[in-house]
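Participant: Residue numbers (the working numbering), protein chains in the order written: chain A, 1 to 374; chain B, 1001 to 1369. Quick reminder that beta carbons are idealized off the backbone N, C-alpha and C, glycines included. Remember, it's a predicted structure, so these values are computed and weren't measured experimentally. Input: one structure, supplied below.
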Amino acid sequence: MSSDSREELLKEFNVYDKAVDIVSCWESSLKYIYGEEFDRFYFDRFPSLDAGEKKLTPDFTVFFDESYGLIGEVKRTFPDDRKAILSELEQIANYDDDLGLKHAEGGRAVPETCDIIIIIEGSSAPQIGTRLKRIITEEDEFDFTANPVLIRYHFNQDALMSRYEFQRVTQLEFEFQDDNLDVEDSLSYILGEEGEYQTLSVYPKHFSSFKVRKPICNDAPPGPYLATFLWHKIFPEYLNEDQYEIWQATNGQKRIPVEVSVGGLTQRVNNYMHNGTVKQVWVRRALDFLCGADLAEEDGSGYTIRFMGFVQDVGEENIQEGSQELDQTRELANIFIRRYSESVTQEEEARMEEYDEDDERDDSTEQSGLGDFG
Amino acid sequence: MYGLGESSDLGAYSNCSLSQIRRGIESYLKENSRSSVSFKSIVARENPIEQFDFLNTRFNKGSVEIVDHGDHYEVDVTREIKRSGRTVSGSFAIFNHEDTQVWTAFTAHGSDFFERGLGWVISKCEPHISEFYATSRDLETVLDMFSEAVDYNSKIIVTQAVAYSHREEGEISYKTRPYPEVFRAARDGGNYVDSVLFKSMSEDEVNLEATITRDGTTKLSSGNVELYFNYLLEDYVSFGQKKAELFTNKERSRDTGDIQEIEVKFANPVFQSTKDNEDLIGALADLSRSSVTVYHKNPYAHISVLDFNDGSSCDVFVTDSKTVKIVPSYRGSTNFLMRISDKLYKDLDESAVELTEQQSYGVEDFVGG
Chain A
1 MSSDSREELL KEFNVYDKAV DIVSCWESSL KYIYGEEFDR FYFDRFPSLD AGEKKLTPDF
61 TVFFDESYGL IGEVKRTFPD DRKAILSELE QIANYDDDLG LKHAEGGRAV PETCDIIIII
121 EGSSAPQIGT RLKRIITEED EFDFTANPVL IRYHFNQDAL MSRYEFQRVT QLEFEFQDDN
181 LDVEDSLSYI LGEEGEYQTL SVYPKHFSSF KVRKPICNDA PPGPYLATFL WHKIFPEYLN
241 EDQYEIWQAT NGQKRIPVEV SVGGLTQRVN NYMHNGTVKQ VWVRRALDFL CGADLAEEDG
301 SGYTIRFMGF VQDVGEENIQ EGSQELDQTR ELANIFIRRY SESVTQEEEA RMEEYDEDDE
361 RDDSTEQSGL GDFG
Chain B
1001 MYGLGESSDL GAYSNCSLSQ IRRGIESYLK ENSRSSVSFK SIVARENPIE QFDFLNTRFN
1061 KGSVEIVDHG DHYEVDVTRE IKRSGRTVSG SFAIFNHEDT QVWTAFTAHG SDFFERGLGW
1121 VISKCEPHIS EFYATSRDLE TVLDMFSEAV DYNSKIIVTQ AVAYSHREEG EISYKTRPYP
1181 EVFRAARDGG NYVDSVLFKS MSEDEVNLEA TITRDGTTKL SSGNVELYFN YLLEDYVSFG
1241 QKKAELFTNK ERSRDTGDIQ EIEVKFANPV FQSTKDNEDL IGALADLSRS SVTVYHKNPY
1301 AHISVLDFND GSSCDVFVTD SKTVKIVPSY RGSTNFLMRI SDKLYKDLDE SAVELTEQQS
1361 YGVEDFVGG
């Protein structure tokens, strides 16, 4: 496997992590600001919405009360090509429907007004806003009942107080229609004209606990990403005390076989997140990735994981010159990706490619993937 | 018994109490002026004796016999060292400090038994029991408290102190100075004090000569045994108890999924550059029996750490230039959290305080800043 492909896997890992951050930012800020105000407030991180025959899977939904809700989509940078832009908008227009959103009492309800929040990376936001405005309002290509509110994000790398910043992209003039919400600090006030287009700043201290509770978002996680989570948080649950004694004696170097079924493991991941709705195919993809890294094996009924600890300088014999940085020698994602790139067979690689193709097919009917935003 | 010899007050009693042992220590140290008694304080949520006994079923070449003396346990250890084939044997006493999770084991057998006998028992019972770590500031406070309690006119002179640099290898030794000077010099030089051998003097008479260290080990060399047990050791273990309270029962709730965060707040801006985050990642990656995953490195850091001892894990975040958040998972043993915090102190900075308050935020925290 080429070093380019290895870089690609690392990039996918980082892009996905940023998507988890962004969803966690919105969950934390909205929950802190509005959670106490509304009894049925609910931020759904894994929405699956019934729209007739179709299932829609936006990145999040927010139920405030019966008067207002939000459907959130974290988008890749919009394409230049008009046809592709129209296609993106058609997907978003699917959310402009009477869709039942989950609320805190456990059921679903259709809010009287439900806007669509589209979150895009900051640098090209004005251009995208201008294009969308032209298509939606000037050319009248779409007739939205919900307002598609365009939000740009920027990661402010101030070393002392780094944070994600969110601002409304004013080129597209749609505002949040949350006037009926009985709340002083509405989103239309904070991020809109009335509040002079303020910036919503979300710091790691705000969102870290949300990211820990739910380390996945509503898009298929790349194999290495979910694999690191399974390795650190889920597989350790399978070991008994005797096996930990073996690990204590061997500094985690003894490989301990852990047998899992895809269904059972998915259940555990969802239990971990409390009400998670991670799909079995995501878990299977992570397990197949581990097979490619020679850390698991598929048998008839499930997978056997060769579970072991990785400590510094173990299995590092193929480090390239000049790459002996800490993260490449001791850190799990890098270890996995390196092992994968060294061990994967053509057959295994073809299997992983099928998952990517499935994602793209999903994109065309349900949702957009994360693409190369960030 | 406990290496204190048969000539002491203990020999005549098969069922001795802690106060008799204290007298035994006093006579032993008087008769053996070059000897000392070594103490190891540890944290255990439950009585550790059951774990000690359990070692008999886990190891063929080691045996642990336990006698309950009411206010303490006598633990006789014999084990064969695998590599050399030689046998280490001896006994130690262990008792619980009232209303705490801290237990102290002690023996007058030499350093060989202390490390390979008593130390072996303690290490093999991890993570059910945990070492605790005092910061050098804790050590200084223990000496402040001791000096106030003993005698207003007493003076504490450091005979020898060992300090280390936070980020680099290297040992610095200080000799024969009043203790505040030693701690100040270490602080000013960006170092932490790892151990202090001191003499407490009252009108030119030594009332105590003892050693305190960061890792729960203390040593009594000479002087008033009651001063040692009632003041120095009690003050010292109070820091262990504080840590125990902070790091026990912090796991995520399996019923509700709720998490508890431990915030480590440094007085100094420890994280100001990418290099500082890398130092943190390096420190965590260097923790024994564990592995790390780095999700985010710069400028905010998010690292997951897994402990091979018992499958404990946690997420560590640098949330601003002075703050690290530790978020334990469903398994988050005291032992593991204690090890992580010690590593942060040792490798980064000791100026931290730990808090467990759960924050709540309002709209003003997100806008207008």
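So, helix, strand or coil for K1199/B, using DSSP?
Facilitator: Walking along the second sequence from the start, residue 1199/B turns up at place 199. K1199/B falls in the strand class under three-state DSSP.
Participant: Between the Cα of S1091/B and the Cα atoms of R1177/B, E1098/B, K1082/B and T1078/B, which residue gives the shortest distance?
Facilitator: For the purposes of this step, residue 1091/B is identified with residue 91 of the second sequence, where counting begins at 1. The residue among R1177/B, E1098/B, K1082/B and T1078/B with its C-alpha nearest the C-alpha of S1091/B is T1078/B.
Participant: Just to confirm my understanding: we take N1224/B, look at its own chain, exclude 5 residues before and 5 after, and list those with CB closer than 7 angstroms. What are they?
Facilitator: Position 224 of the second sequence, counted from the first residue, corresponds to residue 1224/B. Correct list, in chain order: N1207 and L1208.
Participant: Just to confirm, are E66/A and E112/A a CB contact at a threshold of 8 angstroms?
Facilitator: Here residue 66/A is taken as the residue at index 66 of the first sequence, counted from 1. Here residue 112/A is taken as the residue at index 112 of the first sequence, counted from 1. The answer is yes: Cβ separation under 8 angstroms.
Participant: Alpha carbon to alpha carbon, how far is A1249/B from A93/A?
Facilitator: For this step, residue 1249/B is matched to residue 249 along the second sequence. For this step, residue 93/A is matched to residue 93 along the first sequence. In the sequence on display, residue 1249/B carries Asn and not Ala. Roughly 48 angstroms between the two C-alpha positions.
Participant: Could you work out which residue in S1035/B, G1024/B, K1325/B and S1017/B is closest to S1221/B when comparing CA atoms only?
Facilitator: Taking the second sequence and counting its residues from 1, one reaches residue 1221/B at position 221. The candidate whose alpha carbon is nearest that of S1221/B is S1035/B.
Participant: Indicate the three-state DSSP secondary structure (helix, strand or coil) for E245/A in the structure shown.
Facilitator: Position 245 of the first sequence, counted from the start, is the residue given in the question as residue 245/A. Collapsing the DSSP output to three states places E245/A in a helix.
Participant: Within this structure, are the beta carbons of V183/A and Y303/A separated by less than 8 angstroms?
Facilitator: Residue mapping note: residue 183/A aligns to position 183 of the first sequence, counting from 1. Residue mapping note: residue 303/A aligns to position 303 of the first sequence, counting from 1. Not a contact, by the Cβ cut-off of 8 angstroms.
Participant: Hey, which unbroken runs of the alpha helix (DSSP H) at 4 residues or more fall wholly within the segment 1044 to 1096 of chain B?
Facilitator: DSSP assignment within the segment 1044 to 1096 of chain B yields the following whole alpha helix (DSSP H) runs of 4 residues or more, N-terminal first: 1049 to 1058.
Participant: Quick one: list the residues of chain B neighbouring T277/A, beta-carbon separation under 7 angstroms, in chain order.
Facilitator: Within the first sequence, the letter at position 277 stands for residue 277/A. Under the 7 angstroms cutoff, chain B gives no residues; its nearest Cβ is about 14 angstroms from T277/A.
Participant: Quick one: residues in its chain with C-beta nearer than 7 angstroms to the C-beta of P215/A, no 5 flanking neighbours on either side, listed in chain order?
Facilitator: The residue labelled residue 215/A in the question sits at position 215 within the first sequence. Same-chain partners within the cutoff: V20 and F229.
Participant: Could you tell me whether any Cβ in chain A is nearer than 8 angstroms to the Cβ of F1114/B?
Facilitator: Numbered from its first residue, the second sequence carries residue 1114/B at position 114. Not an interface residue.
Participant: DSSP state of K83/A, grouped into three classes?
Facilitator: Position 83 of the first sequence, counted from the start, is the residue given in the question as residue 83/A. It is helical.
Participant: Listed from N- to C-terminal order along the chain, which residues in the segment 1319 to 1351 of chain B have their beta-carbon within a distance smaller than 8 angstroms of any beta-carbon of chain A?
Facilitator: T1319, D1320, S1321, T1323, K1325, V1327, S1329, Y1330 and R1331
Participant: Quick check on this structure: which residue in A84/A, Q243/A, R338/A and P47/A has the alpha carbon closest to the alpha carbon of G72/A?
Facilitator: Taking the first residue of the first sequence as position 1, residue 72/A is located at position 72. Answer by Cα proximity: P47/A.
Participant: Residues of chain A with a CB under 9 angstroms from the CB of G1062/B: which are they?
Facilitator: Counted from its first residue, the second sequence places residue 1062/B at position 62. Per Cβ cutoff of 9 angstroms: no residues; G1062/B is ~13 angstroms from chain A at best.
Participant: State the Cα-Cα distance for the pair H103/A and F63/A, rounded to the nearest angstrom.
Facilitator: As a first step, residue 103/A is located in the first sequence; it is residue number 103 there, counting from the start. As a first step, residue 63/A is located in the first sequence; it is residue number 63 there, counting from the start. One C-alpha to the other measures close to 6 angstroms.
Participant: With the cut-off set at 8 angstroms, would you say F1266/B and A1352/B are in Cβ contact?
Facilitator: For the purposes of this step, residue 1266/B is identified with residue 266 of the second sequence, where counting begins at 1. For the purposes of this step, residue 1352/B is identified with residue 352 of the second sequence, where counting begins at 1. Against a cut-off of 8 angstroms, the Cβ pair of A1352/B and F1266/B comes out as a contact.
Participant: Please compile the residues from chain A whose C-beta is within a distance smaller than 7 angstroms of the C-beta of I1049/B.
Facilitator: Within the second sequence, numbered from 1, the residue matching residue 1049/B stands at position 49. What I1049/B touches in chain A: nothing, since even the nearest Cβ is about 18 angstroms away.
Participant: Using a beta-carbon distance below 8 angstroms, is E1354/B in contact with chain A?
Facilitator: If you number the second sequence from 1, residue 1354/B lands on position 354. Chain A, which has no Cβ nearer than 8 angstroms to the Cβ of E1354/B, makes this no.
Participant: Using a Cβ cut-off of 8 angstroms, which residues of the segment 1213 to 1229 of chain B contact any Cβ in chain A, in chain order?
Facilitator: none
Participant: Starting from P204/A, trace the alpha helix (DSSP H) both ways and give me its first and last residue.
Facilitator: Here residue 204/A is taken as the residue at index 204 of the first sequence, counted from 1. First-last of the alpha helix (DSSP H) with P204/A: P204 to R213.
Participant: Alpha carbon to alpha carbon, what distance is there between F1183/B and K205/A?
Facilitator: On the first sequence, residue 205/A is found 205 positions in, with the first residue counted as 1. On the second sequence, residue 1183/B is found 183 positions in, with the first residue counted as 1. Going from the Cα of K205/A to the Cα of F1183/B covers about 33 angstroms.
Participant: What are the residues of the segment 1297 to 1313 of chain B that lie near chain A, defined by any Cβ-Cβ distance shorter than 9 angstroms?
Facilitator: K1297, N1298, P1299, Y1300, A1301, H1302, I1303, S1304, V1305, L1306, D1307, F1308, N1309, D1310, G1311, S1312 and S1313
Participant: Compare the C-beta of R152/A with all C-beta atoms of chain B and state if any pair is closer than 8 angstroms.
Facilitator: Position 152 of the first sequence holds residue 152/A. Not closer than 8 angstroms to any Cβ of chain B, the Cβ of R152/A fails to qualify, so no.
Participant: Report the rounded CA-to-CA distance for T137/A versus D143/A, giving the unit in angstroms.
Facilitator: As a first step, residue 137/A must be located in the first sequence, where it is residue number 137. As a first step, residue 143/A must be located in the first sequence, where it is residue number 143. Rounded to the nearest angstrom, the two C-alpha atoms are 8 angstroms apart.
Participant: Please report the straight-line C-alpha distance between D288/A and E348/A, rounded to a whole angstrom.
Facilitator: By one-based count along the first sequence, residue 288/A stands at place 288. By one-based count along the first sequence, residue 348/A stands at place 348. So the alpha carbons of these two residues sit roughly 7 angstroms apart.
Participant: Are the Cβ atoms of R168/A and Y203/A separated by less than 8 angstroms?
Facilitator: Taking the first residue of the first sequence as position 1, residue 168/A is located at position 168. Taking the first residue of the first sequence as position 1, residue 203/A is located at position 203. Result no, Cβ atoms of R168/A and Y203/A do not sit closer than 8 angstroms.
Participant: Within the 8 angstroms Cβ cut-off, does G1362/B reach chain A?
Facilitator: Residue mapping note: residue 1362/B aligns to position 362 of the second sequence, counting from 1. Yes, its Cβ sits closer than 8 angstroms to a Cβ of chain A.
Participant: Can you give me the Cβ contacts of E1261/B inside the same chain, cut-off strictly under 6 angstroms, excluding the 5 residues immediately before and after it?
Facilitator: Working through the second sequence from its first residue, we reach residue 1261/B at position 261. Contacts found: K1325 and V1327.
Participant: Assuming G263/A contacts Y340/A (C-beta within less than 8 angstroms), just tell me the rounded distance between them.
Facilitator: Here residue 263/A refers to the residue found at position 263 of the first sequence. Here residue 340/A refers to the residue found at position 340 of the first sequence. No, G263/A and Y340/A are not in contact; Cβ-Cβ is about 24 angstroms, not under 8 angstroms.
Participant: Please check if any C-beta of chain A sits within less than 8 angstroms of the C-beta of R1058/B.
Facilitator: Taking the first residue of the second sequence as position 1, residue 1058/B is located at position 58. For R1058/B, the answer is yes, since a Cβ of chain A falls inside 8 angstroms of its Cβ.
Participant: List the residues of chain A that R1289/B touches, going by C-beta distances under 9 angstroms, in chain order.
Facilitator: Taking the first residue of the second sequence as 1, we reach residue 1289/B at position 289. The answer, in chain order, is W247, Q248, N251, G252, G309 and V311.
Participant: When the Cβ atoms of the segment 1236 to 1245 of chain B are set against those of the segment 1314 to 1322 of chain B, are three or more pairs found closer than 8 angstroms?
Facilitator: no
Participant: Going by beta-carbon coordinates alone, are L1139/B and I1212/B separated by less than 8 angstroms?
Facilitator: Position 139 of the second sequence, counting from 1, holds the residue named residue 1139/B. Position 212 of the second sequence, counting from 1, holds the residue named residue 1212/B. Yes; because the gap between Cβ atoms is below 8 angstroms, this pair is in contact.
Participant: On the premise that T57/A lies in contact with L70/A, defined as a C-beta separation below 8 angstroms, what is that separation, rounded to the nearest angstrom?
Facilitator: For the purposes of this step, residue 70/A is taken as the residue at position 70 of the first sequence. For the purposes of this step, residue 57/A is taken as the residue at position 57 of the first sequence. With a Cβ gap of about 15 angstroms, L70/A and T57/A do not count as contacting.
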